[in-house]
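Have a look at the structure below, then the notes.
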Amino acid sequence: MLDAIAAVLILVGVALAVAAGLGLQRFPDVFARMHAATKPATLGLVLVLAGAALRVEQAGDVVKLLLVLILQFITAPVGAHMVGRAAYRAGTELSPTTSIDELARDRQSGWAGEGATDED
Amino acid sequence: MRIVTSVAFLGIAVAGLLCLVRLVRGPSLADRIVALDALLVVIVSGIAIDAARTGEGTYLDVLVVAALLGFVGTVNVARFIERRGA
Chain E
8 MLDAIAAVLI
18 LVGVALAVAA
28 GLGLQRFPDV
38 FARMHAATKP
48 ATLGLVLVLA
58 GAALRVEQAG
68 DVVKLLLVLI
78 LQFITAPVGA
88 HMVGRAAYRA
98 GTELSPTTSI
108 DELARDRQSG
118 WAGEGATDED
Chain W
6 MRIVTSVAFL
16 GIAVAGLLCL
26 VRLVRGPSLA
36 DRIVALDALL
46 VVIVSGIAID
56 AARTGEGTYL
66 DVLVVAALLG
76 FVGTVNVARF
86 IERRGA
């Protein structure tokens with residue numbers, strides 16, 4: 008029974024990873040691709056790690072899997088945020104199908120507080 | 006379980022290949038780092054599936070290191086992009 012649950016969890020997690028790969032190919036710009044690529048980074052990994060946790064034999068291994076999960080949940084949003092911010096501020100082109108860009112005015116008039124926040 | 010993990014490995018291989026294609030094609034540095042990030046998640050998933058296949062936790066230490074190093078790399082490249090531009 009546990010094996011069946013583990014199998015389903017792993018397969019769904021892998022399906023998310025494949026969907027992310029397809030999204031990386033099909034989506035038109037960096038931001039849309041990030042939308043696709045960050046899904047398996049949290050949900051997909053939770054599913055696969057949960058499936059593995061049901062299968063490993065020692066309790067210490069479950070702790071390791073949990074540690075990976077916690078690290079990933081802390082770091083994935085931070086990393087994605089930094090990449091998105093850097094890509095936008097570096098002037099990456101948006102897809103022509105973008106319907107609204109609320110930061111466009113700020114980008115054209117120069118960033119408010121430029122230099123104050125730039126050097127961390 | 007062997008059949009399930011074999012199918013899962015196949016999916017992981019497909020996902021990794023798609024990420025690699027995006028990594029090579031670019032076009033911008035941000036695209037590449039997004040693809041590299043996704044590739045790292047795929048690798049971590051693959052190692053976890055291997056642990057599920059064998060029931061052994063030998064390679065799980067690698068997972069912890071990979072998850073941490075991936076974050077450091079992503080943040081550094083993001084800062085580099087911001088300073089240098091696209």
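Chains E and W supply the protein sequences, listed in that same order. Heads up: take any position in the first sequence, counting from 1, add 7, and you land on the numbering used here. Heads up: take any position in the second sequence, counting from 1, add 5, and you land on the numbering used here. From the three backbone atoms N, C-alpha and C, an ideal C-beta is built for every residue, glycine too. The model shown is predicted, which means the values in this text are computed figures rather than measured ones.
Residue i versus residue j - alpha carbon distance
i	j	result
residue 76 of chain E	residue 108 of chain E	33 Å
residue 87 of chain E	residue 45 of chain E	7 Å
residue 18 of chain E	residue 53 of chain E	12 Å
residue 103 of chain E	residue 96 of chain E	18 Å
residue 30 of chain W	residue 21 of chain W	14 Å
residue 7 of chain W	residue 19 of chain W	18 Å
residue 79 of chain W	residue 90 of chain E	7 Å
residue 62 of chain E	residue 37 of chain W	34 Å
residue 86 of chain W	residue 94 of chain E	7 Å
residue 125 of chain E	residue 113 of chain E	For residue 125 of chain E, the predicted model reports a pLDDT of 48, less than 50, meaning its position is unreliable; a value from the coordinates is still stated below. About 15 Å.
Contact list for residue i against chain E, beta-carbon separation under 9 Å
i	result
residue 31 of chain W	Near residue 31 of chain W there are no residues of chain E at all, since even the closest Cβ is about 10 Å away, more than 9 Å.
Per-residue DSSP class, three states only, for residue i
i	result
residue 32 of chain E	helix
residue 47 of chain E	helix
residue 50 of chain W	helix
residue 115 of chain E	helix
residue 66 of chain W	helix
residue 126 of chain E	With a pLDDT of 46 at residue 126 of chain E, under the threshold of 50, the predicted position of this residue should be treated as unreliable, though the coordinate-derived value follows. Correct three-state label for residue 126 of chain E: coil.
Where residue i meets chain E, residues with beta-carbon distance less than 7 Å
i	result
residue 86 of chain W	93, 94 and 97
residue 23 of chain W	28, 29, 31 and 32
residue 73 of chain W	78
Selection from the options that minimises the alpha carbon distance to residue i
i	options	result
residue 74 of chain W	W:24, W:58, W:42 and W:53	W:42
residue 16 of chain W	E:71, E:15 and E:22	E:22
residue 35 of chain E	E:61, E:99, E:62 and E:15	E:99
residue 16 of chain E	E:32, E:71 and E:58	E:58
residue 82 of chain W	W:39, W:47, W:11 and W:14	W:39
residue 105 of chain E	E:72, E:38, E:47 and E:81	E:38
residue 13 of chain W	E:79, E:55 and E:9	E:55
Within chain W, partners of residue i - CB distance below 9 Å
i	result
residue 13 of chain E	6, 9 and 57
Closer than 8 Å at the beta carbon, the chain W residues around residue i
i	result
residue 64 of chain E	60, 61 and 62
Residue i: contacting residues in chain E (beta-carbon distance under 8 Å)
i	result
residue 48 of chain W	The contacting residues do not exist; residue 48 of chain W stays about 10 Å from chain E at best.
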